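In UniProt numbering, the protein residues as written are 1 to 397. Glycine included, C-beta positions come from ideal geometry on N, C-alpha and C. Computed from a predicted structure; not experimentally measured.
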């Protein structure tokens, strides 16, 4: 083994396994930087077997794709777009073929490497299962019947492999009046293998959630409401929280509804909204003090700058057109990078996936999407690979 004059071992003398072991102790951002050291290090870190041992970050997006089967019926299966060329190779077949016995698979939610799907069984059985799966390990769990399907407004998946191998599914239920008001939450735990119903504990019986994905953060599911609040409930239904928004954070369109987005990055909750009476500006807020409800204004994003940089900023007419683009109608925010101030969004009229670096003010086209989405809140699910095994129900001795 080669040593320097002071007796230290050089990096060249370390085995690949030892280097990966050291890198596995570092934050994701540091590992990404080491990929830029040399081609050798890039290959070492990008190797499929080594990646299983390293911390992961967002690699791309799952979303539903429709196609015709042999009987000319429209069927739905997941597809995947990576945010870089090497991530595109993660799934040679992104339709989740390991989920056998199903004629259609609709991805509904995704959280830290697990995907929540609605799966229709093969004919002649006209039934469907809710399934949680891990595409990286090809493990999957069929959820038992919750008993409240007709009352369910939405389902949200919660999982954090750093806290527990077990996942939770939150079934949001509406009241009998059929106005979309939340009556309670049914929570499935993969540890117990059972659902547990909890009545609405937010102290307000007339609240409605926005269709967009929830945010699982600090062990709690966070939901944006039409009443300009963020609701949170823990995995046991014991802690219920309401996070208020500042007046300047509230904007709504009579046709599109709530013009905002919530996400989490770098250990903080983010809120991004269209400025009131100014569709050309997006405001970015951070919940600086989670326990004290202290919101801090962080960025302003100009749509003319954002789209003009990519598609023709020198044309004055186009600049005016970009300024008139409306959140949710013309473009939609779909994710924020968990490790840096990078947001991802879809430009609907061009069907392209884009990213925007909020620190540098730089936008980038990632790829063209395989299918157009007509949803107000497009079903693009940010995927962070997880090589942990899915937690199973405990067996009583």
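Taking C-beta to C-beta, are residue 391 and residue 196 nearer than 9 Å? Within the chain shown, the letter at position 391 stands for residue 391. Within the chain shown, the letter at position 196 stands for residue 196. Contact: no.
In the DSSP assignment, the alpha helix (DSSP H) including residue 18 goes from what residue to what residue? Here the question's residue 18 lines up with position 18 in the chain shown. Element bounds for residue 18: 16-23.
With a 10 Å radius around its C-beta and 16 neighbouring C-beta atoms as the bar for buried, classify residue 213 as buried or exposed. Position 213 of the chain shown, counted from the start, is the residue given in the question as residue 213. It counts as buried.
Taking the CB atoms as reference points, tell me whether residue 80 and residue 132 lie closer together than 9 Å. Stepping through the chain shown from its first residue, residue 80 is reached at position 80. Stepping through the chain shown from its first residue, residue 132 is reached at position 132. No Cβ-Cβ contact shorter than 9 Å links residue 80 with residue 132.
Within the segment 323-360, note down every full alpha helix (DSSP H) run reaching 4 residues or more, in order along the chain. List check, alpha helix (DSSP H) in window: nothing returned.
Along the beta strand (DSSP E) that carries residue 174, what are the first and last residues, could you check? If you number the chain shown from 1, residue 174 lands on position 174. Run containing residue 174: 168-174, per the beta strand (DSSP E) assignment.
What's the C-alpha gap between residue 18 and residue 162? As a first step, residue 18 is located in the chain shown; it is residue number 18 there, counting from the start. As a first step, residue 162 is located in the chain shown; it is residue number 162 there, counting from the start. Cα to Cα, the separation comes out at about 22 Å.
Which word fits residue 235, buried or exposed, when buried means at least 16 other C-beta atoms lie within 10 angstroms of its C-beta? Reading the chain shown from its first residue, position 235 is the one you call residue 235. Buried is the call here.
Any chance you could list the beta strand (DSSP E) runs of at least 3 consecutive residues sitting entirely within the segment 48-119, in chain order? 60-68, 74-82, 102-111, all fully within the segment 48-119.
With DSSP as the reference, label residue 243 as helix, strand or coil. For the purposes of this step, residue 243 is taken as the residue at position 243 of the chain shown. If DSSP states are grouped into helix, strand and coil, residue 243 belongs with the strands.
To the nearest angstrom, report how far apart residue 97 and residue 60 are at their CA atoms. Stepping through the chain shown from its first residue, residue 97 is reached at position 97. Stepping through the chain shown from its first residue, residue 60 is reached at position 60. Take the alpha-carbon of residue 97 and the one of residue 60: they are about 18 Å apart.
Per the contact definition of three or more C-beta pairs closer than 8 Å, is the segment 95-113 in contact with the segment 380-388? A contact exists between the segment 380-388 and the segment 95-113.
Leaving out five residues on either side along the sequence, give the residues of the same chain with a beta carbon under 8 Å from the beta carbon of residue 265. For this step, residue 265 is matched to residue 265 along the chain shown. In the same chain as residue 265, and ignoring 5 residues on each side of it, the C-beta atoms closer than 8 Å to its own belong to 336, 337, 338, 339, 340, 341, in chain order.
Where residue 84 and residue 364 are concerned, what is the direct C-alpha to C-alpha distance, given to the nearest angstrom? Residue 84 sits at position 84 when you count from the first residue of the chain shown. Residue 364 sits at position 364 when you count from the first residue of the chain shown. Straight-line Cα distance between these residues: approximately 12 Å.
Looking at the unbroken beta strand (DSSP E) that takes in residue 281, where does it start and where does it end? In the chain shown, residue 281 corresponds to position 281, counting from 1. From DSSP, the beta strand (DSSP E) with residue 281 extends over 278-289.
Sorted by chain position, which residues of the same chain lie with C-beta nearer than 7 Å to residue 393's C-beta, five sequence neighbours on each side aside? For this step, residue 393 is matched to residue 393 along the chain shown. For residue 393, where only same-chain residues beyond five positions count, the Cβ hits under 7 Å are 190, 191, 192, 193.
I need the straight-line Cα distance from residue 356 to residue 343, nearest angstrom please. Translated into the one-based positions of the chain shown, residue 356 becomes position 356. Translated into the one-based positions of the chain shown, residue 343 becomes position 343. Computed Cα separation, rounded: 5 Å.
Going by alpha carbons, who is nearest to residue 186 out of 143, 273, 203, 210? Position 186 of the chain shown, counted from the start, is the residue given in the question as residue 186. For the residues 143, 273, 203, 210, the minimum Cα distance to residue 186 belongs to 143.
For the beta strand (DSSP E) containing residue 195, name the first residue and the last one. Stepping through the chain shown from its first residue, residue 195 is reached at position 195. Counting along the chain, residue 195 sits inside the beta strand (DSSP E) bounded by residues 194-199.
Would you mind stating whether residue 474 and residue 106 have Cβ atoms separated by less than 9 Å? The shown model of the chain, from 1 to 397, leaves out residue 474, and the question about it has no answer.
For residue 296, I'd like the list of residues in its chain whose CB is within less than 6 Å of its CB, leaving aside the five on either flank, ordered along the chain. By one-based count along the chain shown, residue 296 stands at place 296. These residues qualify, in order along the chain: 286, 288.
Taking the beta carbon of residue 263 as the centre, do at least 16 other beta carbons fall within 10 Å, making it buried, or is it exposed? What you label residue 263 is simply residue 263 of the chain shown in a count that begins at 1. When all chains shown are included, residue 263 counts as buried.
What's the call for residue 260, buried or exposed, on a 16-neighbour Cβ count within 10 Å? Sequence index remark: in the chain shown, residue 260 carries index 260 (1-based). That one is buried.
Whole angstroms are fine: how far does the CA of residue 358 sit from the CA of residue 136? Locating residue 136 in the chain shown gives position 136, where the first residue counts as 1. Locating residue 358 in the chain shown gives position 358, where the first residue counts as 1. Residue 136 and residue 358: Cα-Cα distance of roughly 30 Å.
Below 7 Å CB to CB, which residues in the same chain sit around residue 42 once its five sequence neighbours on both sides are set aside? The count along the chain shown starts at 1 and reaches residue 42 at position 42. Around residue 42: 35.
Please name the residue, chosen from 203, 232, 40, 250, that lies closest to residue 272 on a Cα-to-Cα basis. Residue 272 sits at position 272 when you count from the first residue of the chain shown. Cα-wise, what sits closest to residue 272 is 250.
Keeping to the same chain, check which residues put their C-beta closer than 6 Å to that of residue 372; ignore five residues upstream and five downstream. By 1-based counting over the chain shown, the position of residue 372 is 372. The answer, listed in chain order, is 351.
For residue 273, list the residues DSSP reports as bridge partners. On the chain shown, position 273 is the one that residue 273 refers to. Partner(s): 260, 283.
Residues bridged to residue 230 by DSSP? Translated into the one-based positions of the chain shown, residue 230 becomes position 230. Looking at the DSSP assignment, residue 230 forms a beta bridge with 224, 243.
Can you check whether the CB of residue 165 is closer than 9 Å to the CB of residue 389? Taking the chain shown and counting its residues from 1, the one referred to as residue 389 is at position 389. Taking the chain shown and counting its residues from 1, the one referred to as residue 165 is at position 165. Their beta carbons are under 9 Å apart, which means residue 389 touches residue 165 by this criterion.
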